Structure formats: structure tokens, C-alpha cells
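Novice:
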Amino acid sequence: GEWMRSPAAETCVPERGIDVKPFMRLLLVQALRPDRLESAMTSFVCDQLGVESIAPPPLSLSRVCEEASCTSPALFIVTPGSDPSQELEEHALKARGNGRYHQLAMGQGQAEEAMRLLVDCARDGDWLCLKNLHLVVAWLPTLEKEIYVLKPHADFRLFLTSEAHAKFPSSLLEGCLKITYEAPPGLKRNVSRTYETWSQQYIADGSPLRAKLLFLLAWFHAV
1 GEWMRSPAAE TCVPERGIDV KPFMRLLLVQ ALRPDRLESA MTSFVCDQLG VESIAPPPLS
61 LSRVCEEASC TSPALFIVTP GSDPSQELEE HALKARGNGR YHQLAMGQGQ AEEAMRLLVD
121 CARDGDWLCL KNLHLVVAWL PTLEKEIYVL KPHADFRLFL TSEAHAKFPS SLLEGCLKIT
181 YEAPPGLKRN VSRTYETWSQ QYIADGSPLR AKLLFLLAWF HAV
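For the sequence shown, the UniProt record's numbering assigns the number 1 to the initial residue and increments by one for each residue that follows.
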């Protein structure tokens with residue numbers, strides 16, 4: 001009765017004095033409360049593995065920037081609709097200051113501008129993000145050659161984004177630090193991702209009204 005109406009039935013499976021094993025509890029939820037099966041399966045896996053969550057760890061751009069180098073680009077392999085460039089831009093503003101981050105969405109007719117930015121940023125130690133390389137795979141060998149002959153400033157960082165593509169040059173792929181980047185499923189995960197880009201001090205500073213505005217901003221980006 002009460003268990004059948006519980007909004008979190010997977011957490012309170014009735015045992016009636018019997019030692020019901022975790023897998024049997026999972027089967028009970030599947031049979032009687034299939035609406036809670038996904039949550040029950042997640043809890044079961046976490047219990048068996050001894051972890052708090054099976055969600056992938058949040059992307060740490062600080063760590064990415066440390067592991068990449070002036071001669072080793074960071075390649076974000078993205079899914080359709082996902083784009084790390086906004087997070088990159090915000091991180092670059094904090095790490096490098098105004099005017100030290102540049103980005104260009106690749107497409108027809110952008111090769112010359114991309115090369116100019118690459119040479120200038122490598123010389124000045126700025127950060128550069130070239131987006132959507134899957135749209136210009138025929139040009140990528142030219143980009144790879146230019147990267148190879150660069151003599152960049154130590155602070156230079158090159159970020160690349162691309163959807164998976166069968167004709168992406170394997171040699172360029174091997175020379176990059178590779179990061180998979182997917183839009184997190186669900187509203188809660190999207191809100192959490194935005195909050196993970198802010199420090200605890202940044203969230204706590206200011207008035208309650210500011211905290212509410214930050215939440216609304218995270219919500220806006222999540223939907």
C-alpha cells in the first residue's frame with residue numbers, strides 16, 4: 001500500500017523480516033514499481049562498486065590546460081549540440097585575463113584566418129580555439145604541418161573541437177591530448193555542470209539575491 005505510493009520506492013523495499021538480497025530488491029522494484037527501476041539500478045551499481053555516483057567526473061579545464069602544452073593541442077571530441085568553447089572562454093578569462101583568448105568557428109573560407117590566428121597566438125603566448133574541425137577535414141593536414149613547424153611561446157595553448165569523423169587524420173589525433181565532451185543528460189546534470197565551473201567562494205559571496213540570480217543563470221544555461 002504505502003510502498004506502492006512512495007516517491008522513492010527503491011530506498012524502502014519492504015522485507016517483512018526476511019533478509020532480501022540487494023539484487024532481489026532490484027527485481028522487486030522491476031516487477032512492482034518499474035517507474036523507479038532506473039534509480040534502483042543506479043543505487044544498486046553504486047552499492048556494488050562502493051562509489052557515491054556513476055556519473056563521470058566534471059571536466060576540469062585547469063587540469064586540461066596543465067596536461068596540454070604549447071606544442072601539444074587539446075582536442076575536444078564533441079557530440080552534436082555540445083560545445084566547450086564557452087567554458088574555455090570563461091576559464092581563459094580567469095587564467096589569462098582579457099584579450100588573451102581567441103576562437104574561430106571553422107567552415108568554408110576560414111582557413112586563412114585560422115592560420116593567421118595560429119601564428120599570432122603562438123608568437124604572443126595567447127590561447128586559441130579552432131572549432132568544428134569535422135567540417136574541414138580536407139584542410140587538417142595543412143593545419144598539422146603548421147603546428148609541427150611552429151616555435152610557440154611557452155604560454156601558448158591550442159584547443160580544437162571536432163565531432164567524430166572517419167577521415168580525421170590519425171597522426172593529428174595521436175599528437176593531441178584527447179577529451180570527450182558530451183552535454184550531460186537531464187536538467188539537474190546541466191545545472192550541476194554550470195555550478196562546477198564556479199568556485200565555492202564565488203557562489204557564497206554576496207547577498208541571497210545574488211545567489212538566486214546565479215541559480216537562475218545556471219537554469220537558463222541548462223535549458
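Where is the CB? At the ideal position from N, CA and C, for every residue including glycine.
Keep in mind the model is a prediction, meaning the values are calculated, not measured.
#1: May I ask you to report which of helix, strand or coil DSSP gives V13?
#2: CA-CA distance, A68 and P14?
#3: For M115, which residues in the same chain have their Cβ closer than 7 Å to its Cβ, ignoring the five residues on either side in sequence?
#4: Nearest-angstrom Cα distance between residue 266 and P73?
#5: From F23 to D35, what does the alpha carbon distance come to, in whole angstroms?
#6: Applying the criterion that 16 or more other CB atoms from any shown protein chain within 10 Å of the CB defines a buried residue, is S62 buried or exposed?
#7: Quick check for students: name the residue ranges of the beta strand (DSSP E) that lie wholly in the UniProt domain "Dynein heavy chain region D6 P-loop" (70-180), counting only runs of 3 or more.
#8: Give me the Cα-Cα distance between A105 and F159, rounded to the nearest whole angstrom.
#9: Among residues of its own chain, excluding the 5 on either side of L49, which ones have a beta-carbon nearer than 6 Å to its beta-carbon?
Specialist: Considering the structure as presented:
#1: Secondary structure at V13: coil, using DSSP grouped into helix, strand and coil.
#2: Taking the straight line from one Cα to the other gives about 52 Å.
#3: By the criterion of a C-beta distance shorter than 7 Å, M115 is surrounded in its chain by E146, once the five residues flanking it on both sides are discounted.
#4: Shown here, the chain extends from 1 to 223; a query on residue 266 therefore has no answer.
#5: Their Cα atoms are separated by approximately 17 Å.
#6: Of the residues assessed, S62 falls on the exposed side of the cut-off, its CB having fewer than 16 other CB atoms within 10 angstroms.
#7: Scanning the UniProt domain "Dynein heavy chain region D6 P-loop" (70-180) for uninterrupted beta strand (DSSP E) segments of 3 residues or longer gives 74-78, 101-105, 127-131, 157-163, listed from N- to C-terminal end.
#8: Near 12 Å, if we compare the C-alpha coordinates of F159 and A105.
#9: Once the five neighbours on either side are set aside, L49 has no close Cβ partner at all.
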